[in-house]
Each structure stands twice: as structure tokens, then as C-alpha cells.
Amino acid sequence: MRKHRSLALVCVALATCAAQSQTGMLRVTDAWIRAAPPGAMVLAGYMTVENSSPEDIKLTAAESPQFGMIELHRSVIEDDAARMRKQPYFLVPARGKLVLEPNGRHLMMMMPNVPLQSGDNVTVVLTLDNGASLEVNAPLRSVR
Amino acid sequence: MFIVTAVLLSLAAGAWLGNQVLNRKPSLDEISATVLNPPKAVSDFRLTSHRDEPFTLDSLKGKWSFLFFGYTHCPDVCPTTLHTLAQMDRILADDPDAHANVQVVFVSVDPRRDTVQQLRKYVPYFNKAFVGVTGTEDEINRVTKQLGVLHMRVEQKQGQDYLVDHSASVMLFSPNGALRALFGAPHEAQRLVADFKNIKELE
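Protein chains in written order, with our numbering: chain A, 7 to 150; chain B, 1195 to 1397.
Structure follows, in C-alpha cells:
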């Protein structure tokens, strides 16, 4: 069931097809956004990005028509302190994967344009350092 | 000034906690949480709940209280922890004895943005019984200083928003209002439940 759902979430924009010929293929699975209480101004987006190409690819930005702004953030918990910091990019290593997950790297999605609730779908467009972009559909869920 | 104070306090608290850990009895080894022996007494404080009622030391008495310190503009660690605490609460509810007299409290360390109204929208979403509390900066510091809870505002380079570094631990208070144990992050519902049951056995 999870596998099926994950595959259904894979959505590669046309722009990426061009990127695939240049830099190899990126595949996004398990994309989801943590459903947040009403009035929450900041949500977190998670996903796994696999890179089957022999070259590193950087994810440099993300945007969504449903959010005012998205930043790349990383939470680190050490010595009892939770620290969250903006990241200039996320690396998707060659023949490896980038995992965005709770308490780690995530998309910090700010200023939702409309109230969002569990079950709603959000479109996220990821910008890559080779100029290509990748469109991902991510459902809102309370838990993974 | 605020940051310097927070750093000094966390250092002092770290030294204090270190001493407590050394005093830990070996028989507690099956508990993954850090159990404080003796429990740390807390002096009175005054905060305000999301129901706009006073939340004081008395509010901790007569119940086992799980406290988590965070802020509602926190998209990742805070909702992740609150969901885990909600899972814990559902597991505890299967065992009425364990569930009796348990409360979960989310303490804001972001008084500027976390008003009573904001907490009222936010906290019950995770579990209707959860209590959100906030206060003025001084009121919140009065609690966090005693407990060695770190929290620090971090300005962003762009935009008017800021982030807040904060303690990731969940704190357990016994029904007499003393700090009994610290659960280190990342949290897992089953482990919280198992530790909690063992800690209650120590009483």
C-alpha cells in the first residue's frame, strides 16, 4: 500500500526530461507535508529524492503556488537542543539519495495561501542547480 | 543580553544535570530516560493556559505531567514531538491505570508570537486534552531558568521572521510537582510509555 502510494506521488515535470538527458534521472518518492493546526504559518515538507545519475545534483530552491515562500532547512538535535537552520542547497549525491524527514532536513513552507488540511494535495516545484525543475505532488498528512 | 543569559543558564543547568546523572542508581538502567534522584523541586511560577486560565506550580500537582518546550512557528521538531506525545497518550489510554492523572503540556518559548489565542488554535489540534501555556518573557524565563531549558531566538538574515533554538527534551513531573525525569530526543511513543510505567514503579 505504501509502495503504491509512493509511486503515485512521483511526478516529473517536462522540464526534468531535458535534465535527465543531461544529468540523469531524479525520482521523488514518499513526498508528504505535515498537516498543521489551523492558523499555522509554517509547515514542513518531506520526501526522498533519488539520483540515478553519476553526477551530484543540488536542490537549490523550492516553491509552491499554495505557499508564499519555501526555504530549505535542517533541524539538528544535539546536546538536548533542537536547532533549525536555513540551508543554501540540499545535495542529492550521485547514485544516492536525499532524504527529507522529521527532525532532519525538510522544506520549510511558509505563509500558506489557503487553509490546508489532511488529505489536501500540495504542488511543490523543486529547482535544481542545472537549471531544471521537478514538480512534486505532496499530500498533507498528520503522520508519515 | 538575552542570549548571554540563556547560554550561562544552560551551562549551569548542564553542570547540575551532570551531577544528577552521576547519582543515578544502577537499578534504573532499564529506563532510557534520565531519572532525577532526588527529584528536583520547582519553585512557583505563573503562566497562562490556552484556555486563558492561570497555569502555576499547583497545576502540576496531583498529576504526572509531560512538559515539552517549543513554539508554534516551528514546523518540524515541535509538531513531530507533539504527534509522538499524542501517540503516547493514545497508548496510555488503553491502560486506564497508567492514563489516569496524566497531562501533556506544551510550553511556548516564543511569547512574542505565541499568544493565548494562537495556542488555543494550535495545541488542541494534536490532542484535545493537551494544555498549551505561554506568558511574558519574564514569566517563561522563570520556568526555563529553574529547569535549565535552553531557548534562544535566532534572527534570520532575510525577512522579519526568526527561529527559536529550544530544548528538545520532554520533562516528566511527578504528582508532587517535582521534576522526575528527562526524555532525550528523538522521542518514540512506545519508549516514552515503557519508561513512564517504570518510573511510576519507583515511587
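All residues carry an ideal CB built from backbone N, CA and C; glycine is no exception.
Mind listing the chain A neighbours of GLY1378/B? Cutoff is C-beta to C-beta under 9 Å, in chain order.
In the second sequence, counting from the first residue as 1, residue 1378/B sits at position 184. Chain A residues near GLY1378/B: ILE83, ASP86.
Taking 8 Å as the CB-CB limit, is ARG89/A close to chain B?
Reading the first sequence from its first residue, position 83 is the one you call residue 89/A. Yes, its Cβ sits closer than 8 Å to a Cβ of chain B.
Within the segment 20-83 of chain A, ranges of the beta strand (DSSP E) (whole runs, at least 3 residues):
32-40, 48-57, 63-69
8 Å is my cut-off, CB to CB: does VAL1299/B come that close to chain A?
By 1-based counting over the second sequence, the position of residue 1299/B is 105. By this cut-off, VAL1299/B is not an interface position.
Would the beta-carbon of GLY1371/B fall within 8 Å of that of VAL1236/B?
By 1-based counting over the second sequence, the position of residue 1371/B is 177. By 1-based counting over the second sequence, the position of residue 1236/B is 42. Cβ atoms of GLY1371/B and VAL1236/B: closer than 8 Å.
Would HIS1244/B and GLY1326/B qualify as a contact pair, given that the criterion is a beta-carbon distance under 8 Å?
Within the second sequence, the letter at position 50 stands for residue 1244/B. Within the second sequence, the letter at position 132 stands for residue 1326/B. Contact: yes.
Listed by chain order, chain B residues near ARG33/A by CB distance under 9 Å
Taking the first sequence and counting its residues from 1, one reaches residue 33/A at position 27. Per Cβ cutoff of 9 Å: no residues; ARG33/A is ~24 Å from chain B at best.
For the segment 82-113 of chain A, which segments carrying the alpha helix (DSSP H) assignment without a break, of at least 4 residues, lie completely within its bounds, in sequence order?
none
Taking the alpha carbon of ALA88/A as the reference point, which residue from GLN1281/B, PHE1262/B, ARG1284/B, LEU1279/B has its own alpha carbon closest?
By 1-based counting over the first sequence, the position of residue 88/A is 82. The residue with the shortest Cα to Cα distance from ALA88/A is PHE1262/B.
Give me, in chain order, the residues of the same chain whose beta-carbon lies closer than 7 Å to that of GLN1311/B; leave out the 5 immediate sequence neighbours on both sides.
For the purposes of this step, residue 1311/B is identified with residue 117 of the second sequence, where counting begins at 1. None.
If we call anything under 8 Å between Cβ atoms a contact, is LYS92/A one with GLN1350/B?
Position 86 of the first sequence, counted from the first residue, corresponds to residue 92/A. Position 156 of the second sequence, counted from the first residue, corresponds to residue 1350/B. Against a cut-off of 8 Å, the Cβ pair of GLN1350/B and LYS92/A comes out as a contact.
Where does ALA144/A sit, in a helix, a strand or coil, going by DSSP?
Translated into the one-based positions of the first sequence, residue 144/A becomes position 138. Residue state, collapsed to three classes: strand.
For GLN1384/B, count the other beta carbons within 10 Å of its own beta carbon; 16 or more makes it buried, fewer makes it exposed. Which is it?
As a first step, residue 1384/B is located in the second sequence; it is residue number 190 there, counting from the start. Exposed, since its Cβ has fewer than 16 Cβ neighbours within 10 Å.
Rounded to the nearest angstrom, what separates HIS4/A and GLU1397/B at their Cα positions?
Residue 4/A lies beyond the stretch modelled for chain A, which goes from 7 to 150, so this question has no answer here.
In this structure, does DSSP put LYS1234/B in helix, strand or coil?
Within the second sequence, residue 1234/B is the residue found at index 40, counting from 1. Looking at LYS1234/B - three-state DSSP - the assignment turns out to be strand.
Going along the chain, which residues of the segment 1313-1324 of chain B sit with their C-beta nearer than 7 Å to a C-beta in chain A?
LYS1315, TYR1316, TYR1319
Compute the Euclidean distance between the alpha carbons of GLY45/A and TYR1316/B, then round it to the nearest angstrom.
Mapped onto the first sequence, residue 45/A falls at position 39. Mapped onto the second sequence, residue 1316/B falls at position 122. Each residue's alpha carbon lies about 7 Å from the other.
Closest residue to VAL1298/B among ARG1306/B, ASP1308/B, MET1282/B (Cα-Cα distance):
If you number the second sequence from 1, residue 1298/B lands on position 104. Minimum Cα distance to VAL1298/B is reached at MET1282/B.
Beta-carbon gap between LEU1313/B and THR1275/B smaller than 8 Å:
Position 119 of the second sequence, counting from 1, holds the residue named residue 1313/B. Position 81 of the second sequence, counting from 1, holds the residue named residue 1275/B. The answer is no: Cβ separation not under 8 Å.
Option in LEU1373/B, TYR1319/B, GLY1378/B, THR1250/B with minimal Cα separation from ASN1231/B:
In the second sequence, residue 1231/B corresponds to position 37, counting from 1. Of the candidates LEU1373/B, TYR1319/B, GLY1378/B, THR1250/B, the one whose C-alpha sits nearest the C-alpha of ASN1231/B is LEU1373/B.
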